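Peer 1:
Residue numbers (my numbering): 1 to 580.
1. Rounded to whole angstroms, what's the CA-CA distance from residue 223 to residue 209? Just pull it up for me.
2. Nearest to residue 364 by alpha carbon, out of 343, 477, 176, 431?
3. Nearest to residue 387 by alpha carbon, out of 167, 359, 446, 402?
4. Helix, strand or coil: how does DSSP classify residue 456 here?
5. Among the candidates 462, 77, 254, whose CA atom is the shortest distance from the CA of residue 368?
6. Are the beta-carbon atoms of residue 581 and residue 172 separated by less than 8 Å?
7. Expressed to the nearest angstrom, what Euclidean distance is found between the alpha-carbon atoms of residue 506 and residue 538?
8. Is DSSP giving residue 289 helix, strand or coil here?
9. Suppose the cutoff is 7 Å on Cβ atoms and the five residues either side in sequence are ignored; what does the same chain contact list for residue 558 look like?
10. Considering residue 389, what are the terminal residues of the alpha helix (DSSP H) in which it resides?
11. Identify the continuous alpha helix (DSSP H) that holds residue 363 and give its terminal residues.
12. List in chain order: all unbroken alpha helix (DSSP H) runs of 4+ residues lying wholly within the region 521–565.
13. Identify every residue that forms a DSSP beta bridge with residue 378.
14. Taking one C-beta from the region 390–398 and one from the region 419–436 each time, how about it: are there three or more such pairs within less than 8 Å?
15. Let me check one thing: in DSSP terms, what residues is residue 41 bridge-paired to?
16. For residue 23, count neighbouring C-beta atoms within 10 Å of its own C-beta (all shown protein chains included) and say buried if the count is 16 or more, exposed if not.
17. Just how far apart, CA to CA, sit residue 233 and residue 247?
18. Report buried or exposed for residue 198, applying the criterion of at least 16 other Cβ atoms within 10 angstroms of its Cβ.
19. According to DSSP, is residue 85 part of a helix, a strand, or is it coil?
20. Using only alpha-carbon positions, find the residue among 442, 425, 136, 457 that is nearest to residue 383.
21. For residue 311 and residue 319, which I take to be in contact (beta-carbon distance under 8 Å), what is that distance rounded to the nearest angstrom?
22. Checking 8 Å against the spacing of the C-beta atoms, do residue 186 and residue 407 come in under that value?
23. Where does residue 284 land, buried or exposed, given buried means 16+ other C-beta within 10 angstroms?
24. Is residue 518 near residue 508, with beta carbons less than 8 Å apart?
25. Among the candidates 100, 200, 120, whose CA atom is the shortest distance from the CA of residue 158?
26. For residue 183 versus residue 134, is the C-beta distance shorter than 8 Å?
27. Return the chain-ordered ranges of every alpha helix (DSSP H) run that is complete within the region 85–139 and spans a minimum of 4 residues.
28. Beta-carbon separation of residue 94 and residue 36 under 8 Å?
29. Taking the alpha-carbon positions, what's the residue 29 to residue 478 distance?
30. Who are the near neighbours of residue 401 in its chain, counting only those whose CB is closer than 8 Å to its CB and skipping five residues on each side?
31. From residue 148 to residue 253, what does the alpha carbon distance come to, in whole angstroms?
32. Going by DSSP, what residue range makes up the alpha helix (DSSP H) through residue 318?
33. Going by C-alpha distance, which of 553, 46, 110, 201 is nearest residue 329?
34. I need the straight-line Cα distance from residue 543 to residue 485, nearest angstrom please.
35. Confirm, please, whether the CB-CB distance from residue 409 to residue 163 is below 8 Å.
36. Applying the 10 Å Cβ sphere with the 16-neighbour rule, what's the burial state of residue 308?
So this is what it looks like as C-alpha cells:
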C-alpha cells in the first residue's frame with residue numbers, strides 16, 4: 001500500500017509492510033475492513049512447505065504417522081482375535097443413518113445463504129445504510145436459521161455425529177452470511193458517499209468552468225479536462241507531448257467514465273495511463289521535485305504522498321481550482337476503499353458493486369475462510385495430484401480417528417462397572433489423540449483441499465498452538481479462520497463502531513464464542529447442562545493468571561499447564577455430559 005501508512009491493529013499481526021493499510025484519509029474511508037489481511041503462505045504441516053520439508057523435526061513427523069499406522073494394525077489384530085472382525089462397524093452404521101436426508105438438509109442450508117446477494121442489491125437500491133437495521137435483519141436471519149436447525153435435528157432424531165455436523169455447518173454458514181453482508185453494507189456506504197461527492201464535484205465544475213447555463217454540464221466537464229491538461233502541460237511537458245496520450249486522457253476524463261464504479265475506467269483506460277500520467281506511480285526524483293514546488297505554491301493541493309499510491313485517480317486531481325482538486329482527491333480515496341486490498345502480482349480487482357454476483361458468492365462459499373474480501377491471494381494453477389493427496393490423507397486420518405474411537409473410547413464410556421476415576425484415566429490419552437488427529441483432518445485435509453480447488457494461496461489456517469502458554473494464545477492460534485471472523489466482525493466491530501473498551505469487547509467476544517460452543521453440545525447430547533460454557537468462561541481468570549510475570553518468565557511451565565488443562569478437560573467433559 002502507501003508509504004504514509006498506518007499499521008494494522010490486529011494484535012497478533014507481524015510488524016511488516018505487508019500488514020499495513022494506507023494513509024489517514026484512506027483509513028477513515030476503508031474502516032474496519034482491513035483488520036484482517038491475507039497473503040500467500042504455507043501451513044506448518046504442508047508437505048510442500050520449505051520449512052516442513054527441510055525442518056530439523058521432519059523425521060519425527062514421519063515417525064508419528066508410522067506409529068499411528070502401527071496402532072491401527074495392532075487394533076485390527078486385537079479386534080480380529082476378540083470378535084472375528086477386523087473393525088467394528090457399529091459406529092459406521094450409526095454414522096450412515098439418515099444420510100440422504102442429512103445431505104438434502106445441508107444442501108437447503110447452503111442454498112438459502114445465496115439470498116444475501118439480492119439482499120445486498122436491495123441495500124444498494126433502497127440506499128439503506130443504517131447499521132442497526134442491517135444488524136437486526138442479520139440477527140433475525142441467524143435466529144431463524146438456528147431455530148430451524150435445532151428443531152429439524154431433534155425431529156429427525158439424528159445421532160450425535162449427524163447432528164454435530166449439521167449444527168457446526170449451520171454456524172459456519174451464518175458466519176459466511178454475516179461477513180458477506182457486513183463488508184458489502186460498508187461498501188454500500190462508501191458507494192453512496194462516492195455518488196454524493198461526485199455530485200458536489202460536478203456542481204463545482206459547472207460553477208468554475210461552465211458557461212452559465214446549468215444544462216451544459218458535459219461542456220463544462222470537457223472544459224475542466226482541458227484546463228487540467230494545460231496544467232499538466234506546464235508541469236510535465238515531457239509526459240503530455242504525445243498526442244496519442246492526450247486522446248487516451250480525454251477518454252479517461254470523460255464524464256460518463258468518471259461517474260460511479262466504472263470497469264472501463266479501471267480496467268481498460270487506467271492501465272494505458274499508469275506509466276505516463278504523473279502521480280499514478282511512485283515518482284522519480286525529478287517528478288517529486290516538481291510536485292513539491294507545486295505544493296509549496298498551493299497549500300490546499302493534495303500532498304503527493306497521499307496521492308501517489310491511490311490506484312484509481314481522478315483526472316481533476318491536477319485541476320487549477322483548489323476545491324475541484326480537493327473533491328477529486330476525496331473521490332480517489334473513496335474509490336480506493338471500493339477496491340479490494342492490493343494483492344502482489346494480481347493487478348486491480350473488481351470494483352464494488354461489480355463483485356455482488358452469485359458467482360462471486362459461490363467462490364466465497366468454497367474458499368476456506370470466514371471473512372469476505374473482494375480479492376484473495378491466489379495460486380496460478382490447480383494441482384489435481386495435490387487434491388488426490390489430500391483426499392488420501394483425509395481417508396487415512398479419518399480411519400485412525402475411527403479406530404481410536406471404537407476401540408479405546410466407546411468401550412470405556414459404555415463400561416458401567418468401572419469407577420469414574422478409572423474411566424477418566426483411560427480416556428485421557430485416546431481423547432487428546434483424537435483431538436490432535438481431528439485438528440489435522442480439518443485443517444490439513446479439508447481446508448487444504450478446498451484451498452487448492454479455489455487456488456486460495458493463504459494456507460495459514462493455524463499457527464503453533466501446541467506451543468501455547470495460555471488459553472488466550474491457544475484461542476488465537478489453533479483455528480485462524482474463526483479467530484479472524486471474531487476479530488473483525490465481533491471484537492473490532494464493538495471497539496470501532498460501538499466505542500466499547502478493548503477489555504469489554506474481548507470479554508463479550510469470548511462470551512459469544514462460549515455460548516455457541518455450548519449450543520453445539522446441547523444439540524449433540526440433547527442435554528442442557530452448561531458444563532462446557534462454565535469451563536470456557538472459567539478460562540478468563542486463568543488468562544489473567546497466565547499474564548503474571550512468574551508464568552510469563554517461565555514459558556515451559558505455561559505450556560505444561562496448557563497441555564495439562566487440555567488433557568484433563570476433554571475426558572472430564574465427556575464424563576459430565578454422558579453420566580450427569
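All C-beta atoms, glycine included, are put in the ideal place defined by N, C-alpha and C.
Computed from a prediction, not measured in an experiment: that's the story for all the values here.
Peer 2: Taking the coordinates as given:
1. As a position in the chain shown, residue 223 is number 223, starting the count at 1. As a position in the chain shown, residue 209 is number 209, starting the count at 1. One C-alpha to the other measures close to 6 Å.
2. As a first step, residue 364 is located in the chain shown; it is residue number 364 there, counting from the start. The candidate whose alpha carbon is nearest that of residue 364 is 176.
3. To locate residue 387, count along the chain shown from 1; it is residue 387. For residue 387, the nearest C-alpha among the options comes from 446.
4. In the chain shown, the residue the question calls residue 456 occupies position 456. If DSSP states are grouped into helix, strand and coil, residue 456 belongs with the strands.
5. As a position in the chain shown, residue 368 is number 368, starting the count at 1. Among 462, 77, 254, the Cα nearest to that of residue 368 belongs to 462.
6. Within the shown structure, residues of the chain are numbered from 1 to 580, placing residue 581 beyond reach of any answer.
7. Numbered from its first residue, the chain shown carries residue 506 at position 506. Numbered from its first residue, the chain shown carries residue 538 at position 538. Rounded to whole angstroms, residue 506 to residue 538 spans 14 Å at the Cα level.
8. Translated into the one-based positions of the chain shown, residue 289 becomes position 289. For residue 289, the predicted structure reports a pLDDT of 42, less than 50, and the residue's modelled location is therefore unreliable. The matter cannot be settled from this model.
9. Within the chain shown, residue 558 is the residue found at index 558, counting from 1. For residue 558, where only same-chain residues beyond five positions count, the Cβ hits under 7 Å are 469, 470, 546, 551.
10. In the chain shown, the residue the question calls residue 389 occupies position 389. Element bounds for residue 389: 384–404.
11. Numbered from 1 along the chain shown, position 363 holds the residue referred to as residue 363. Where residue 363 is concerned, the enclosing alpha helix (DSSP H) stretches over 358–366.
12. 531–537, 539–546, 549–552
13. Numbered from its first residue, the chain shown carries residue 378 at position 378. 456, per the DSSP bridge assignment.
14. These segments do not touch.
15. As a working mapping, residue 41 is identified with position 41 in the chain shown. DSSP output for residue 41 lists 458 as bridge partner(s).
16. Locating residue 23 in the chain shown gives position 23, where the first residue counts as 1. Since pLDDT at residue 23 reaches only 34, below the 50 mark, its modelled position is unreliable, and the value read off the structure follows with that caveat. It counts as buried.
17. One-based indexing of the chain shown puts residue 233 at position 233. One-based indexing of the chain shown puts residue 247 at position 247. A straight-line Cα-Cα distance of about 14 Å links residue 233 and residue 247.
18. Taking the first residue of the chain shown as 1, we reach residue 198 at position 198. Residue 198 comes out buried.
19. Your numbering for residue 85 matches position 85 in the chain shown. The answer is coil: DSSP assigns residue 85 none of H, G, I, E or B.
20. Here residue 383 refers to the residue found at position 383 when the chain shown is read from its first residue. For the residues 442, 425, 136, 457, the minimum Cα distance to residue 383 belongs to 457.
21. For this step, residue 311 is matched to residue 311 along the chain shown. For this step, residue 319 is matched to residue 319 along the chain shown. The pair is not a contact, with the Cβ atoms about 20 Å apart (cut-off 8 Å).
22. Sequence index remark: in the chain shown, residue 186 carries index 186 (1-based). Sequence index remark: in the chain shown, residue 407 carries index 407 (1-based). For residue 186 and residue 407, no; Cβs fall outside 8 Å.
23. Within the chain shown, residue 284 is the residue found at index 284, counting from 1. Below a pLDDT of 50, predicted positions are generally treated as unreliable, and residue 284, at 35, falls in that range; no measurement from the model is reported.
24. Position 518 of the chain shown, counted from the first residue, corresponds to residue 518. Position 508 of the chain shown, counted from the first residue, corresponds to residue 508. Contact: no.
25. For this step, residue 158 is matched to residue 158 along the chain shown. That would be 100, whose Cα lies nearest to the Cα of residue 158.
26. For the purposes of this step, residue 183 is taken as the residue at position 183 of the chain shown. For the purposes of this step, residue 134 is taken as the residue at position 134 of the chain shown. No, the Cβ-Cβ distance between residue 183 and residue 134 is not below 8 Å.
27. 90–95, 99–112, 116–125
28. For the purposes of this step, residue 94 is taken as the residue at position 94 of the chain shown. For the purposes of this step, residue 36 is taken as the residue at position 36 of the chain shown. Cβ atoms of residue 94 and residue 36: not closer than 8 Å.
29. Position 29 of the chain shown, counting from 1, holds the residue named residue 29. Position 478 of the chain shown, counting from 1, holds the residue named residue 478. Summary for residue 29: the model assigns pLDDT 38, below 50, so the residue's position carries little reliability; its value from the coordinates is reported in the next sentence. The alpha-carbon atoms of residue 29 and residue 478 are separated by roughly 32 Å.
30. By one-based count along the chain shown, residue 401 stands at place 401. These residues qualify, in order along the chain: 434, 437, 438, 441.
31. As a position in the chain shown, residue 148 is number 148, starting the count at 1. As a position in the chain shown, residue 253 is number 253, starting the count at 1. Each residue's alpha carbon lies about 53 Å from the other.
32. The count along the chain shown starts at 1 and reaches residue 318 at position 318. Boundaries cannot be given for residue 318, as no alpha helix (DSSP H) includes it and DSSP labels it neither H nor E.
33. Your numbering for residue 329 matches position 329 in the chain shown. Checking every option, the nearest Cα to that of residue 329 belongs to 201.
34. The residue labelled residue 543 in the question sits at position 543 within the chain shown. The residue labelled residue 485 in the question sits at position 485 within the chain shown. Residue 543 and residue 485 have their C-alpha atoms spaced approximately 21 Å apart.
35. If you number the chain shown from 1, residue 163 lands on position 163. If you number the chain shown from 1, residue 409 lands on position 409. Going by C-beta atoms, residue 163 is not nearer than 8 Å to residue 409.
36. Counted from its first residue, the chain shown places residue 308 at position 308. Unreliable placement is indicated for residue 308, whose pLDDT of 48 sits below 50; the coordinate value is still reported in the next sentence. Result: buried.
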